[in-house]
């Protein structure tokens, strides 16, 4: 059922790097919720696997010395959703990953695996883009940190270099402080389904709650990789919190996104869903931020 050439168990991050250098064609396996399915389907027949599952130093959520929220790459979706730091500062991320698969998948699947797969439909991806996440990679040259928007190179391809493994995802304080968000996943089923469209919005309001100080909006399945919407954000930032501005904001996303036709949904449907999702997400974000409409 599982056709593999060899299996190597990492004992530390440094050991994982050494194994990657020694076996450059090997595939990293963490929770295995994607890799094992693909192997069973014959898509990774005869592979070598490097397991990082036992590296507990890559699990957990903390706030580091720079006040970044640090999410270890092996942290499961279930632990992210239940973590008090996530619940206090970026609850929307916990809500987003709580829509991945079913309970069994959320218990074993990891945030690192979800991002390293490079798929635009990943439930964490749009929210991490909207919160300006930074991806931490550790390799033979040390630690490298890059914005998540630069991590995704093209469909199913991410910027992981020779010998590197992803060790954490960071949310900067400047991105989460006094900021509130909402995520909508549109799919054909309520569970165990891949997103047809995913929209994540977060807002920071002025002190009197009357003005959009800063808005971020990002999508999955609106292009080959998860994406932010710079024209849409520039339009709404600094404007009054009104339904008229929100309606215009939602329509503006059509200038930024480029969804495709597929057997799951037509381009026209994805565009319609994207506009409606943006509207609903920003309304809910405003409410969470203490604003009124």
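In my numbering, the protein residues as written are 1081 to 1373.
Beta carbons: idealized from backbone N, C-alpha and C, even for Gly.
- A buried status is given to residue 1110, since no fewer than 16 other beta-carbon atoms sit within 10 Å of its beta-carbon.
- With contacts defined by Cβ atoms closer than 9 Å, residue 1176 and residue 1204 form a contacting pair.
- Apart from sequence neighbours up to five positions away, the residues of its chain that approach residue 1169 with a beta-carbon distance below 7 Å are 1149, 1256, ordered along the chain.
- Contact between the region 1335-1347 and the region 1235-1250 is absent: fewer than 3 CB-CB pairs across the two stretches fall below 8 Å.
- A distance below 6 Å between beta-carbons, with the five flanking residues on each side excluded, links residue 1208 to the following residues of its chain, in chain order: 1228.
- C-alpha of residue 1349 to C-alpha of residue 1101: approximately 45 Å in a straight line.
- Taking 9 Å as the cut-off, the Cβ atoms of residue 1281 and residue 1214 do not count as close.
- According to the DSSP assignment, residue 1281 belongs to the beta strand (DSSP E) that extends over 1277-1285.
- Straight through space, the alpha carbons of residue 1370 and residue 1334 are spaced by roughly 28 Å.
- For residue 1346, the number of other beta carbons within 10 angstroms of its own is below 16, and it is reported as exposed.
- In the displayed model, residue 1183 falls within a helix according to three-state DSSP.
- With 16 or more other Cβ atoms inside 10 Å of its own Cβ, residue 1313 counts as buried.
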